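Notes to accompany the following structure.
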Amino acid sequence: MSTAETLEPPITLDETRERMRVRLAGIVPEFEIDLKAEIAHRINTLKREMNAVILGHNYMEPALYHSVPDFTGDSLQLSAISAETTADIIVFCGVWFMGETAKVLSPQKMVLVPSDKAGCSLASGVSAADVRLLKTRYPDAPVVTYVNTYAEVKAESDYCCTSGNAGKVLSHLFALGHKRIIFLPDEYLARNSAAEIGAAYLSAGDPIDAVPMDKPAVIGWNARCEVHELFKPSDVDAIRKQYPDAVILAHPECSPEVIAKVDISGSTKVMSDYVENTDAPRYALLTECSMGDNLAGQFPHREMVRACGLRCKHMNEITLEDTLEALEQRKYQVELRPEIIARAKQPIDRMLAIR
Ligand code: 13P
Ligand code: SF4
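For the sequence shown, this note's numbering begins at 21 and goes up steadily by one.
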């Protein structure tokens, strides 16, 4: 399976156990696999009975990732799938803002996120009122909002983007003649994307002409990913010292100083595709720890450096047990006001059109 393809979850308990033993060998002990396989089997059975589809973000824990999702992928891929699915129920094994995006794209469907505690420091780092304030401060600048935001913030925006297409969305708007673009809420993604396309960076609050007005500039906000901001340039040095032959990949939510030192920067899909398609002696990922484990299970011929110190507590809220309960009890349902759905849809549709 490569990301965002149908995994075809196995039908019988024996098949489920076998699939998990193959994918999780050396990652999860066998006795635990056997216990988890029973839960996964119950989820897959219930899912078929209820005509539900399970979407699993690349950061899901390995036992879940390799057993119950019909599709796995990054935020952009899973958003696109939630817009197209014919299932009656979408179970989003990811964080809450991802469930909200699915609800905006498929408002007539029931959307479940297996935990109501699966937040995100970026999504909680900016409010709709903040966006309105910025719009009064920079009235001519379009607002691009990272998909890691809640729907009320998206509703105030012109475009959404993910880490997979942030540079493309910014380039599209600069090509339309805009010289200033507000980009929310991730300071580091804003700085990294601006650098990628040769634009200047301004902090919200800077005068609009802090750089000459004919030079394109991105106006950023001050939120950060509480996981990726912890990686340091010295971590990259330490990996290089110990594994000089490793290709080091990092998510663009890391600081520009880290990104400057790594070999590849990209969304979780970019990292996954790289490991799948590019031969290297080994790979080190600076991102949520489960992702390295998931790729090790998916591509056993690849040597992953397991840098597993940093975990996203929000993503780790989602477990197989919670996913079973979500289906059994139809919880936690994502509900959004129709007015918010209507206003958030256009920027999300625009994001899906620029891929
Ligand atoms: P992707 O969009 O790359 O899947 O990342 C989502 C995320 O939350 C990264 O921290
Ligand atoms: Fe949010 Fe960071 Fe967790 Fe991604 S890793 S969900 S950006 S807190």
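Virtual Cβ for every residue (Gly too), placed ideally from N, Cα, C. This one's a predicted model, so the numbers in the text were calculated from it and none came from an experiment.
- When secondary structure is reduced to three states using DSSP, Y303 falls in the strand class.
- Secondary structure remark: continuous beta strand (DSSP E) runs of at least 3 residues inside the stretch 90-142, in chain order: 91-93, 109-113 and 130-132.
- Counting of Cβ neighbours within 10 angstroms places R152 among the exposed residues, the total staying below 16.
- In this structure, the CA atom of L96 is about 26 Å from the CA atom of M40.
- Of the residues Y166, R62 and N78, the one whose Cα lies closest to the Cα of D313 is N78.
- Taking C-alpha positions only, A171 is separated from A186 by approximately 18 Å.
- For the ligand SF4, a non-hydrogen atom lies closer than 7 Å to the CB of S141.
- Residue state for T165 is assigned as strand, using DSSP reduced to three classes.
- With a threshold of 7 Å, the Cβ atom of C274 does not count as near the ligand SF4, since no heavy atom of the ligand is closer than that.
- Between the stretch 254-261 and the stretch 292-303, the count of Cβ pairs shorter than 8 Å is below three; the stretches do not touch.
- Exposed is the label assigned to G329, since fewer than 16 other Cβ atoms lie within 10 Å of its Cβ.
- Partner residues in the beta bridge of G76, as assigned by DSSP, are T92 and C113.
- It is roughly 6 Å from the alpha-carbon of E207 to the alpha-carbon of A243.
- With a cutoff of 8 Å on beta-carbon distance, N336 and E81 are scored as near each other.
- Within the same chain, F251, K252, P253, D255, V256, A270 and L306 come within 8 Å of V278 by CB-CB distance, once the 5 residues on both sides are set aside.
- Classified as buried, N168 has 16 or more neighbouring CB atoms from the shown chains inside 10 Å of its CB.
- With the rule of 3 Cβ pairs closer than 8 Å, the stretch 128-147 counts as touching the stretch 110-118.
- Taking the CA atoms as reference points, T288 sits about 11 Å from T92.
- Counting only residues whose CB is nearer than 5 Å to a non-hydrogen atom of the ligand 13P, the list in chain order is D94, S95, T182, S183, S287 and T288.
- Around the Cβ of A161, a 10 Å sphere holds 16 or more other Cβ atoms; the residue is buried.
- Taken through DSSP and simplified to helix, strand or coil, M70 comes out as coil.
- Counting along the chain, A316 sits inside the alpha helix (DSSP H) bounded by residues C309 to Q318.
- Looking at T165, P205 and E216, the one whose alpha-carbon comes closest to that of S223 is P205.
- F319 and P159 have their C-alpha atoms spaced approximately 48 Å apart.
- Distances from the alpha-carbon of K123 to those of C309, S99, E35 and G139 put S99 closest.
- Between D265 and R322, the gap from beta carbon to beta carbon reaches 8 Å or more.
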